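First comes the structure, then the notes that go with it.
In UniProt numbering, the protein residues as written are 1 to 275.
Below, the structure written as structure tokens:
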């Protein structure tokens with residue numbers, strides 16, 4: 001849409017007519033306006049560092065070898081994965097890199113999976129009684145990081161491809177925000193996954209403002225994470241919907257996007273700190 005608006009603006013100037021130029025300028029400003037009001041990212045804090053990788057591995061991606069070969073994946077203490085299949089689950093578990101894993105009942109966990117080098121103390125489904133989320137539910141995990149407790153939420157709401165699915169995504173984010181507000185203010189909490197929601201969404205902004213949490217994305221130009229494989233490796237023609245969000249008790253050291261690995265999503269890699 002931004003590229004289209006830029007073309008309209010340039011075309012409107014060629015006509016050398018005031019009304020046409022005003023229309024072109026309005027189109028350009030409309031496409032740019034979401035980027036002027038993006039959320040402020042989490043600040044850096046001192047503390048114990050750890051790395052978390054969030055990735056939608058894509059249900060039709062048959063071979064996990066390319067993903068496992070990524071150095072950033074091999075070095076990560078925590079993996080939060082979406083669209084997990086039994087084959088991927090078995091391959092990652094067989095690698096022996098992460099001694100702790102979430103339940104193998106993938107369907108019950110909306111095909112999400114958590115692998116960790118930290119012990120998983122507890123797991124809970126968020127608002128399983130909700131009937132308006134399209135059968136999708138966030139998962140809450142309690143991890144022991146040394147003598148500290150870290151809460152990790154794995155999320156993958158509905159993709160808003162129809163009015164019904166759009167409402168299901170909104171209901172999912174409603175339940176997620178309610179769960180986050182119930183956490184103690186000083187509790188380290190990380191929320192990671194495929195949000196199916198861009199950075200400029202009012203639903204996402206409302207979740208941040210109501211919880212006091214911060215995103216890890218750039219405020220000025222969030223890098224696309226989901227792209228169309230029809231355009232090959234042109235990942236720039238995408239949208240930022242995969243992300244990691246932090247409670248005030250967690251600091252952000254650095255954020256990066258991994259390379260392609262056979263999925264239509266890029267892995268999100270965050271180096272975080274626990275006080």
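Backbone N, C-alpha and C define an ideal beta-carbon position, used for all residues, glycine too. Note that the coordinates shown come from a computational prediction; the quantities given were computed from them, not determined experimentally.
So residue i packs on residue j, CB below 8 Å; how close in whole Å?
| i | j | result |
| --- | --- | --- |
| residue 272 | residue 49 | 7 Å |
| residue 154 | residue 212 | Actually they are not in contact, since the Cβ atoms of residue 154 and residue 212 sit about 21 Å apart, beyond 8 Å. |
| residue 111 | residue 83 | 6 Å |
| residue 249 | residue 188 | 4 Å |
| residue 238 | residue 224 | 3 Å |
| residue 8 | residue 27 | 5 Å |
| residue 267 | residue 54 | 7 Å |
Would you kindly work out how many angstroms separate the C-alpha atoms of residue i and residue j, rounded to a whole number?
| i | j | result |
| --- | --- | --- |
| residue 38 | residue 140 | 27 Å |
| residue 244 | residue 105 | 24 Å |
| residue 195 | residue 173 | 9 Å |
| residue 127 | residue 264 | 29 Å |
| residue 74 | residue 191 | 21 Å |
| residue 68 | residue 103 | 20 Å |
| residue 230 | residue 197 | 21 Å |
| residue 220 | residue 36 | 7 Å |
| residue 208 | residue 180 | 10 Å |
| residue 226 | residue 200 | 15 Å |
Determine, using beta carbons only, whether residue i and residue j come nearer to each other than 8 Å.
| i | j | result |
| --- | --- | --- |
| residue 119 | residue 100 | yes |
| residue 41 | residue 215 | yes |
| residue 24 | residue 12 | yes |
| residue 64 | residue 88 | yes |
| residue 130 | residue 183 | no |
| residue 171 | residue 132 | yes |
Which of helix, strand or coil does DSSP assign to residue i?
| i | result |
| --- | --- |
| residue 37 | coil |
| residue 218 | coil |
| residue 100 | strand |
| residue 112 | coil |
| residue 211 | helix |
Give me the DSSP bridge partner(s) of residue i.
| i | result |
| --- | --- |
| residue 135 | Paired residue(s): none; residue 135 is not in a bridge. |
| residue 56 | 82 |
| residue 47 | Beta-bridge pairing links residue 47 to no other residue. |
Let me check you understand the geometry: is the CB of residue i closer than 7 Å to at least one non-hydrogen atom of the ligand SAM?
| i | result |
| --- | --- |
| residue 129 | The ligand SAM is not part of this structure, which contains no ligands at all. |
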